[in-house]
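Worksheet for the structure shown next.
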Amino acid sequence: MHDAAFAGGALPPLLSGLRVLDLSRNLPGPFATRMLTDLGASVIKVEPPEGDPTRPLAGLFDALNHGKECRTIDFRRDTDLDRLRTWIRDADVLLDSFRPGVLQSLGLDGAALHAINPRLTMVSITGYGQSGPWACKAGHDLNFMAMSGVLDQMRALTGEPAQPNVQWGDLAGGSAMACIAVLSGVFDARRTGRGRHLDVSMTHGLHAQLVMPRATGAMLAAVLGRRPGAGEDLLNGALPCYGLYLPLNRQAPIGLKHALAKRLNEDVFLPVFTIDQEDDLTVA
Numbered sequence: 047m048h049d050a051a052f053a054g055g056a057l058p059p060l061l062s063g064l065r066v067l068d069l070s071r072n073l074p075g076p077f078a079t080r081m082l083t084d085l086g087a088s089v090i091k092v093e094p095p096e097g098d099p100t101r102p103l104a105g106l107f108d109a110l111n112h113g114k115e116c117r118t119i120d121f122r123r124d125t126d127l128d129r130l131r132t133w134i135r136d137a138d139v140l141l142d143s144f145r146p147g148v149l150q151s152l153g154l155d156g157a158a159l160h161a162i163n164p165r166l167t168m169v170s171i172t173g174y175g176q177s178g179p180w181a182c183k184a185g186h187d188l189n190f191m192a193m194s195g196v197l198d199q200m201r202a203l204t205g206e207p208a209q210p211n212v213q214w215g216d217l218a219g220g221s222a223m224a225c226i227a228v229l230s231g232v233f234d235a236r237r238t239g240r241g242r243h244l245d246v247s248m249t250h251g252l253h254a255q256l257v258m259p260r261a262t263g264a265m266l267a268a269v270l271g272r273r274p275g276a277g278e279d280l281l282n283g284a285l286p287c288y289g290l291y292l293p294l295n296r297q298a299p300i301g302l303k304h305a306l307a308k309r310l311n312e313d314v315f316l317p318v319f320t321i322d323q324e325d326d327l328t329v330a
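Note that the sequence shown covers residues 47 to 330 in our numbering.
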């Protein structure tokens, strides 16, 4: 993200003055607060005495926590919890990734924290939400992708499921949705003077992003008499102008505009297709 008013210019600290307490671990919460840090927010990362689980992976820890102030809290010690409460008094946002009920067991539920800081925006990232039959179940990124329906969309043309190397559940369903929740909650708190506890379910967040497959799949099902399979939906292989084409040397995929594609022989691509349209052809 850059400031469009200045070519290639860095963004000013748009969130300067926003104070965030990050109690989360692993990937979803820390990446969310890293994005807030990049936008100018002041983030305090709260770690257990043994350190965050990503600390042994130095490159990952730095990528997630660069620019944050790191502090240590032992959640088993009342004196440490009292220290945490003093930090909460001055915070705008508290973000956590505990299972439902953990904060309440520590005396840090919404009612208790809003008694300390009425304008505090609380954002909790979980796998399946704060309520419902799956609320307290453990899970990882693959589980959230599977339950949301996203994993079913990631198949080879032969139909076998493919395991992505990008953690879509954690990042798209968790981090991105948490940032939206933070900014929405802070905006509302400044308008009303009252903070809220916002629930971010990674599974539900991912499911909401299946807007294209649900719409195009329903349309094609009316034509095919069944749901489209791998490579049959509009944006995963059915349209010749929107697909992956492997060069004969099998070195790299090619992205083309229509004007460039017309200059190449058809035998460059597998499978062969004819270019007979005048508008741009996008091959990713």
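Backbone N, C-alpha and C define an ideal beta-carbon position, used for all residues, glycine too. As the structure is a computational prediction, the values presented were derived from the model and not from experiment.
C-beta atoms of residue i and residue j nearer than 9 angstroms
i      : j      : result
ASP68  : LEU141 : yes
PRO99  : ARG71  : yes
MET248 : SER194 : yes
ASP245 : THR262 : no
LEU82  : LEU61  : yes
MET223 : PRO210 : no
ARG65  : ALA87  : yes
ALA267 : GLY205 : no
ARG165 : GLY63  : no
LEU127 : LEU73  : no
VAL232 : THR167 : yes
GLY173 : ASN189 : yes
LEU294 : GLY283 : no
LEU256 : VAL196 : yes
Bridge partners - residue i, DSSP secondary structure assignment
i      : result
ASP138 : Paired residue(s): none; ASP138 is not in a bridge.
CYS116 : LYS91
SER247 : THR172
LEU67  : ILE90, LEU140
CB contact check: residue i to chain B, cutoff 9 angstroms
i      : result
ALA267 : Chain labels in this structure do not include chain B; a single protein chain is all it has.
Pick from the options that is closest to residue i, judged by C-alpha positions
i      : options                        : result
ASN163 : GLY263, HIS243, GLY75          : HIS243
GLY153 : LYS183, SER194, GLY215, ARG131 : ARG131
VAL92  : CYS287, ILE134, TYR288         : ILE134
SER170 : ALA78, GLY283, PRO59, PRO207   : ALA78
ASP138 : GLY241, SER151, GLY185         : GLY241
PRO76  : LEU106, ARG272, PRO59          : LEU106
GLY147 : LYS183, ALA208, ASN282, MET265 : LYS183
ASP108 : THR118, SER177, TYR288, ARG80  : ARG80
ASP136 : HIS160, ARG145, THR118         : HIS160
ASP124 : LEU290, SER151, LEU203, PRO207 : SER151
ALA181 : ARG129, PHE144, LEU290         : PHE144
ALA208 : MET191, GLY220, SER221, GLY219 : MET191
LEU203 : ARG236, PRO274, HIS186, GLY156 : PRO274
GLY220 : ARG129, TYR288, GLY156, GLY185 : GLY185
ASP84  : GLY156, PRO59, GLY97           : PRO59
ARG260 : PRO179, ASP155, ASP198, ASP187 : ASP198
ILE119 : ASP155, ILE90, ASP187          : ILE90
message: Under 8 angstroms, with one C-beta from each stretch per pair, do the region 204-216 and the region 246-254 reach the 3-pair mark?
response: A contact exists between the region 204-216 and the region 246-254.
Point to revise | At least three beta-carbon pairs within less than 8 angstroms, the region 113-130 to the region 220-230 | key: With contact defined as three or more Cβ pairs closer than 8 angstroms, the region 113-130 and the region 220-230 are not in contact.
query: Fully enclosed by the region 161-245, which alpha helix (DSSP H) runs are 4 residues long or longer?
result: Runs of the alpha helix (DSSP H) inside the region 161-245: 187-194, 223-238.
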